[in-house]
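In our numbering, the protein residues as written are 504 to 713.
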């Protein structure tokens, strides 16, 4: 009887690892996509203590800006909570996008989200209901980004920005973190989906979505 729960736990961990590691092999790069969408929705990935973007936040933002310059989107929306010196990740990303050729009139951002699901839940109400979206993130996070927008009720294609140069140690750490994040996201997305079906999504505690 003890072995069955253990096997189920191991199978769940393996599933999360496969989803995290496999993401990079099934999601197209942003440089390779050709289909036009209305908005590039860029997911944040942290900010440094000195107020500069983490490598992944920077490369994701630059990939969204490149989609704009190529004429594949008409607007760029940045999403990411957390702040340094009162400036949120998303606001810093927005400035970075403008530095890379996106006019201020084509930029929007939200700076409250603390999870990928919240990236979707907080960003989608800010965009037109009929706007088509391409989610921009890094390769190993891409499938989780797609799953979060599916859970939020707005399935959207995802493309992968080049991964920021963070070194081998950070690469290993990030992959383990991605496996753990999948484990939480499956539970988080399921809780939100069930609550939404019951019309009770607004009653979920914040900690469930974070």
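Glycine residues also receive a C-beta, built at the ideal position from the N, C-alpha and C atoms.
Rounded C-alpha distance that separates residue i from residue j
i: residue 686; j: residue 512; result: 10 Å
i: residue 582; j: residue 658; result: 17 Å
i: residue 603; j: residue 702; result: 42 Å
i: residue 526; j: residue 655; result: 20 Å
i: residue 555; j: residue 601; result: 15 Å
i: residue 636; j: residue 568; result: 14 Å
i: residue 660; j: residue 680; result: 23 Å
i: residue 705; j: residue 598; result: 32 Å
i: residue 522; j: residue 682; result: 8 Å
i: residue 696; j: residue 624; result: 12 Å
i: residue 650; j: residue 508; result: 26 Å
i: residue 605; j: residue 612; result: 13 Å
i: residue 694; j: residue 646; result: 19 Å
i: residue 491; j: residue 514; result: Because the chain spans 504 through 713 in this model, residue 491 falls outside it and cannot be assessed.
i: residue 691; j: residue 573; result: 35 Å
i: residue 653; j: residue 557; result: 26 Å
i: residue 561; j: residue 699; result: 33 Å
i: residue 524; j: residue 530; result: 11 Å
Among the options, nearest to residue i - alpha-carbon criterion
i: residue 577; options: 584, 569 and 542; result: 542
i: residue 535; options: 684, 524, 525 and 566; result: 566
i: residue 607; options: 617, 616, 595 and 618; result: 595
i: residue 609; options: 693, 575 and 506; result: 575
i: residue 633; options: 523, 540, 591 and 516; result: 540
i: residue 644; options: 627, 620, 629 and 628; result: 620
i: residue 689; options: 705, 520, 612 and 613; result: 520
i: residue 648; options: 562, 561, 630 and 618; result: 618
i: residue 533; options: 563, 524, 651 and 650; result: 563
i: residue 580; options: 516, 622 and 557; result: 622
i: residue 630; options: 544, 524 and 517; result: 544
i: residue 616; options: 571, 546 and 570; result: 546
Classification of residue i by the beta-carbon crowding that lies within 10 angstroms, buried from 16 upward
i: residue 537; result: exposed
i: residue 510; result: exposed
i: residue 592; result: buried
i: residue 506; result: exposed
i: residue 684; result: buried
i: residue 626; result: buried
i: residue 517; result: exposed
Minimum Cβ-Cβ distance from residue i to chain C less than 7 Å
i: residue 523; result: No chain C appears in the structure shown, which is made up of a single protein chain.
Query raised in the report: Any contact of the stretch 548 to 560 with the stretch 587 to 596, i.e. 3+ C-beta pairs under 8 Å?
Result: yes
Query raised in the report: Should the stretch 633 to 651 be regarded as contacting the stretch 659 to 667, the criterion being three or more beta carbon pairs within less than 8 Å?
Result: yes
**Report entry** In chain order, each alpha helix (DSSP H) run of at least 4 residues that lies wholly inside the stretch 604 to 688
**Finding:** 619 to 626 and 645 to 654
Query raised in the report: What runs of the beta strand (DSSP E), each 3 residues or longer, lie entirely inside the stretch 533 to 596?
Result: 542 to 546 and 578 to 582
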